[in-house]
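Chemist: Take this structure, written in structure tokens, and hold onto it; I'll ask about it next.
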Amino acid sequence: MSVLLATHGLCKSFGALTVTDDVSLELRTGECHALIGPNGAGKTSFVNQLSGLLAPDSGRIEFLGQDITNSSPAARANAGLARTFQITSIIPTMTLFENVALAAQARCGSSYRFFRPVHKDRQINALAGEALERIALTSRNDKLARTLSHGEKRALELAMAIAQKPRALLLDEPMAGIGSDESGQLTDTLLMLKQDYPLLLIEHDMDAVFKVADRVSVLVYGRIIASGTPDEIRANREARTAYLGDET
Amino acid sequence: MRAAAPALVAFMFLAAMPLLAEFWGGSYVTGLIMRAMILAIAALSLDLLIGTCGLVSFGHAAFLGIGAYTAGIAITEGTTDLATILGITIGISVLFALVTGAISLRTHGVTFIMITLAFGQMLFFTFSALSEYGGDDGLTLWERAYAYGLFEFEHGLFYTIFGLLVAIWLLLDRLRQSRFGRVLLAAKENSTRMETLGYGVFGYRLTAYVIAGVIAGIAGALTANEAEFVSPALSAWQRSGDLIIVVVLGGVGRRSGPVLGALAFVVLEEGLSSLTHDWRLIFGPLLIFIVLFAKGGLASLFERRQA
Ligand SMILES: Nc1ncnc2c1ncn2[C@@H]1O[C@H](COP(=O)(O)OP(=O)(O)OP(=O)(O)O)[C@@H](O)[C@H]1O
Ligand SMILES: [Mg+2]
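Listed in order, the protein sequences are those of chains Y and F.
Read in numbering that gives the first Met the number 0, the first sequence has 104 at position 105, and its numbers run on one by one without any break.
Read in numbering that gives the first Met the number 0, the second sequence has 32 at position 33, and its numbers run on one by one without any break.
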């Protein structure tokens, strides 16, 4: 298994608050690597650095053997690094289908095209349709994204990520705010995604994490305090006191 | 189609205007309508920024000044070929848009408004300082540009402006529905998301800014020909404000908005100013009234409410 995405000694502080403390982490082909940790541990900040929304203070990020530490978010996305957001981030005024089509469009050649109506673009619509087929959404395609239920917005984010044809997926709490009835279905979706994409999964739902992840790293105060297989983490005392508590 | 209908009806009405003016109003009416059509072209270009990109430029009249002074100076210096004049106008507009856009598009919200205002005023003072070309007083032109005999026909200028208006409307209407347009519209709502989907939003916005600048530059060159007079006031912030008013009045981001807004603006301005010198005192409240009661501007009055 080769390393797709790696950080080397990544550090980030907001003033006196250290949110990423010398983090070196790897994502390999075919695996799901879960990053867990208490609220405010710095998980989202870490993903923001990976996707280019936040500049690290020091350290390096490598993706597919290239140093992307200083690449723009768009360049990283185009290199194949896709992400979803803990707080749903979609285009609320566009339809469900248009949101997915926007993700697909970035993979279908130049968008500096000014005349042909985009809604008739077969290449884009086919790619968006494929992604929507894989993520079952019960709503109609022409429904405005802002009118979707919370659960469907979460699913829409996943569909957008797939339509990007990514080489690796960063999922920041895909189950945030999802009820227990829907979480089982979403866990199945994650298992399905894992077949095709290496996943860096941030998640508070431990049932899902232990079901899907091949490797788990525990982040506390910006530091990785433990890393190993799900069973090793379950048995790790430090990890349990820091985070897992009564859940296991 | 429904959203485009008011504009199409307006175009048919405009096309018939020179004929109608034979019976009533004559060259006074055709002159008024020519001004309205030029204003519509400028407003269309500004709505590309406001309606499609969410960028409120308060210095868009700078491009009107560029086009007008290019035409004015060229004609004064003996270059009267319209194609040449438009070519130079487009070139200068592209340069000015690239430079000012590259700077202003790095800012957002109020800062963007202020910085575009500053660039506009910069140009206003530059034109005011052109003492060989009239300085503060402006520049009177002794002839119009020449376009392969086009203007020799009666109403040649009228139909040139009309043709450009229709062509630009069509072009921008297509653009809004293209790949490029969809990226701009989405980035207006959520530019961070667009970045993480792989779109360098800055480049798309800069391109839109250049396109808008070029179109407004063309409107400026037409203004010079229609009025046979150019003055620094064309690029002053008040003029930029008028353009924003036209866009809001017509309906931001609506297919027929800028065309309806420009027609209404010119008619209101002309009607009210013939009543009183302080016509803006009436115009202001009227505008507020329209914006309050027709949130999407005049265009929304013609569009059926969506469920
Ligand atoms: N831009 C910022 N400026 C200052 N502090 C920030 C900023 N962004 C995040 N923080 C702080 O950094 C810490 C880590 O935040 P982060 O969102 O990365 O945590 P998290 O592990 O994702 O938490 P959660 O599980 O609640 O999502 C928090 O204390 C947060 O308040
Ligand atoms: Mg978080």
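Where a beta carbon is used, it is the ideal one built from N, C-alpha and C, also for glycine.
(1) Taking 7 Å as the cut-off, is the beta-carbon of LEU16 of chain Y closer than that to any non-hydrogen atom of ligand 4?
(2) Taking C-alpha atoms, which residue in F:PHE10, F:ALA220, F:ALA96, F:ALA60 lies nearest to SER307 of chain F?
(3) Leaving aside the five residues before and after TRP236 of chain F along the sequence, list all residues of the same chain whose C-beta is less than 8 Å from its C-beta, in chain order.
(4) Cβ of VAL117 of chain Y less than 8 Å from any chain F Cβ?
(5) Is the shortest distance between the beta-carbon of ALA105 of chain Y and the beta-carbons of chain F less than 8 Å?
(6) Roughly how many angstroms separate the alpha carbons of ASP204 of chain Y and ILE86 of chain Y, rounded to a whole number?
(7) Using a C-beta cutoff of 8 Å, does MET205 of chain Y count as contacting chain F?
(8) Using a Cβ cut-off of 9 Å, pull out every chain Y residue sitting near SER299 of chain F, in sequence order please.
(9) Could you name the residues, in chain order, whose CB is less than 7 Å away from a heavy atom belonging to ligand 2?
(10) Hey, does PHE114 of chain Y have any beta-carbon neighbour from chain F nearer than 8 Å?
(11) Distance cutoff 8 Å, beta carbons only. Does PHE13 of chain Y sit that close to anything in chain F?
(12) Could you tell me whether the Cβ atoms of PHE111 of chain F and GLY212 of chain F are closer together than 8 Å?
(13) Report yes if the C-beta distance between ILE84 of chain F and ALA220 of chain F is below 8 Å; otherwise report no.
(14) So, using beta-carbon positions, are LEU205 of chain F and LEU45 of chain F closer together than 8 Å?
(15) ALA167 of chain Y lies in the beta strand (DSSP E); which residues open and close that run?
(16) According to a CB-to-CB cut-off of less than 9 Å, which residues of the segment 87 to 99 of chain Y neighbour chain F?
(17) Helix, strand or coil for PHE152 of chain F? Go by DSSP, reduced to three states.
(18) Does the distance between the C-beta of PHE13 of chain Y and the nearest non-hydrogen atom of ligand 1 fall short of 7 Å?
(19) Please confirm whether GLY155 of chain F and ALA73 of chain Y have their CB atoms less than 8 Å apart.
(20) Would the C-beta of ALA96 of chain F count as close to ligand 1, meaning under 7 Å from any of its heavy atoms?
(21) By the 10 Å Cβ neighbour count, where 16 or more other Cβ atoms means buried, how is ALA81 of chain Y classified, buried or exposed?
(22) Excluding the five sequence neighbours on either side, which residues of its own chain have a C-beta within less than 6 Å of the C-beta of HIS149 of chain Y, listed in chain order?
(23) Do VAL208 of chain Y and GLY227 of chain Y come within 8 Å of each other at the CB atom, strictly closer than that value?
(24) Give a single yes or no on whether GLY108 of chain F has its beta carbon closer than 7 Å to a heavy atom of ligand 1.
(25) Could you check whether the Cβ of VAL28 of chain F sits closer than 8 Å to any Cβ belonging to chain Y?
(26) Between ALA3 of chain F and ligand 1, is the CB less than 7 Å from at least one heavy atom?
(27) Roughly how many angstroms separate the alpha carbons of ALA306 of chain F and ALA212 of chain Y, rounded to a whole number?
(28) Using the beta-carbon of each residue, which ones in chain F are nearer than 9 Å to LEU52 of chain Y?
(29) On a CA-only basis, which of Y:GLY183, Y:PRO37, Y:ASP171 is nearest SER50 of chain Y? Give me that one, please.
(30) Which full runs of the alpha helix (DSSP H) of 4+ residues lie inside the segment 264 to 306 of chain F, going along the chain?
(31) With respect to 7 Å, is the separation between the Cβ of ASN98 of chain Y and the closest non-hydrogen atom of ligand 1 below this value?
(32) Could you tell me whether any Cβ in chain Y is nearer than 8 Å to the Cβ of GLN237 of chain F?
(33) Quick one: is TYR145 of chain F near chain Y, going by C-beta distance under 8 Å?
(34) Would you report the Cα separation of ALA5 of chain Y and THR68 of chain Y, rounded to the nearest angstrom?
(35) Could you name the residues of the same chain whose beta carbon sits closer than 6 Å to that of LEU200 of chain Y, not counting the 5 residues immediately before and after it, in chain order?
(36) How would you label THR139 of chain F, buried or exposed, when you count the other beta carbons within 10 angstroms and need 16 or more for buried?
Modeler: Checking against the coordinates, here is how it stands:
(1) What this structure holds is ligand 1 and ligand 2, not ligand 4.
(2) No answer is possible for residue 307 of chain F: the residues shown for chain F start at 0 and end at 306.
(3) Taking TRP236 of chain F as the centre and dropping the five residues before and after it, the same chain places the C-beta of PHE57, GLY58, ALA60, LEU116, GLY119, GLN120, PHE123 closer than 8 Å to its C-beta, in chain order.
(4) The beta carbon of VAL117 of chain Y sits closer than 8 Å to some beta carbon of chain F.
(5) Answer yes: the Cβ-Cβ gap between ALA105 of chain Y and chain F drops below 8 Å somewhere.
(6) Using only the alpha carbons, I get a separation of about 16 Å.
(7) Cβ-Cβ to chain F under 8 Å: no for MET205 of chain Y.
(8) Ordered by position in chain Y, no residue passes the 9 Å Cβ test against SER299 of chain F, which lies about 16 Å from the chain.
(9) Near ligand 2, residues with a Cβ at less than 7 Å from any of the ligand's heavy atoms are Y:LYS42, Y:THR43, Y:GLN85, Y:ASP171, Y:GLU172, Y:ILE201; the list follows chain order.
(10) Taking Cβ atoms only, chain F reaches closer than 8 Å to PHE114 of chain Y, which makes this a yes.
(11) At a cut-off of 8 Å between beta-carbon atoms, PHE13 of chain Y makes no contact with chain F.
(12) With a cutoff of 8 Å on beta-carbon distance, PHE111 of chain F and GLY212 of chain F are scored as not near each other.
(13) Yes, the Cβ-Cβ distance between ILE84 of chain F and ALA220 of chain F is below 8 Å.
(14) No, they are not a contact pair.
(15) Run containing ALA167 of chain Y: 167 to 171, per the beta strand (DSSP E) assignment.
(16) Closer than 9 Å at the C-beta level to chain F, one finds these residues of the segment 87 to 99 of chain Y: SER88, ILE89, ILE90, PRO91, THR92, MET93, GLU97, ASN98.
(17) In this structure, PHE152 of chain F counts as coil in the three-state DSSP scheme.
(18) True, at least one ligand heavy atom lies under 7 Å from that Cβ.
(19) Note that the C-beta distance between GLY155 of chain F and ALA73 of chain Y is not below 8 Å.
(20) Incorrect: ALA96 of chain F has no Cβ contact closer than 7 Å to ligand 1.
(21) So ALA81 of chain Y counts as buried.
(22) Around HIS149 of chain Y: GLY176.
(23) Cβ atoms of GLY227 of chain Y and VAL208 of chain Y: not closer than 8 Å.
(24) Incorrect: GLY108 of chain F has no Cβ contact closer than 7 Å to ligand 1.
(25) No, VAL28 of chain F lies away from the interface with chain Y (no Cβ there is under 8 Å from its Cβ).
(26) False, no ligand heavy atom lies under 7 Å from that Cβ.
(27) The pLDDT assigned to ALA306 of chain F is 34, lower than 50, so where the model puts this residue is not dependable; a value taken from the coordinates is nonetheless given after this. Rounded to the nearest angstrom, the gap between the Cα atoms of ALA306 of chain F and ALA212 of chain Y is 45 Å.
(28) Chain F residues near LEU52 of chain Y: THR191, GLU194, THR195.
(29) Ranked by Cα distance from SER50 of chain Y, the options Y:GLY183, Y:PRO37, Y:ASP171 are led by Y:ASP171.
(30) Listed in chain order, the alpha helix (DSSP H) runs fully inside the segment 264 to 306 of chain F are 278 to 292, 296 to 301, counting runs of at least 4 residues.
(31) For ASN98 of chain Y, the shortest separation between its Cβ and any heavy atom of ligand 1 does not lie below 7 Å.
(32) It does not; no Cβ of chain Y falls within 8 Å.
(33) False, the Cβ-Cβ gap to chain Y never drops below 8 Å.
(34) Using only the alpha carbons, I get a separation of about 11 Å.
(35) Same-chain partners within the cutoff: CYS31, ALA33, LEU170.
(36) Per the 10 Å Cβ criterion, exposed.
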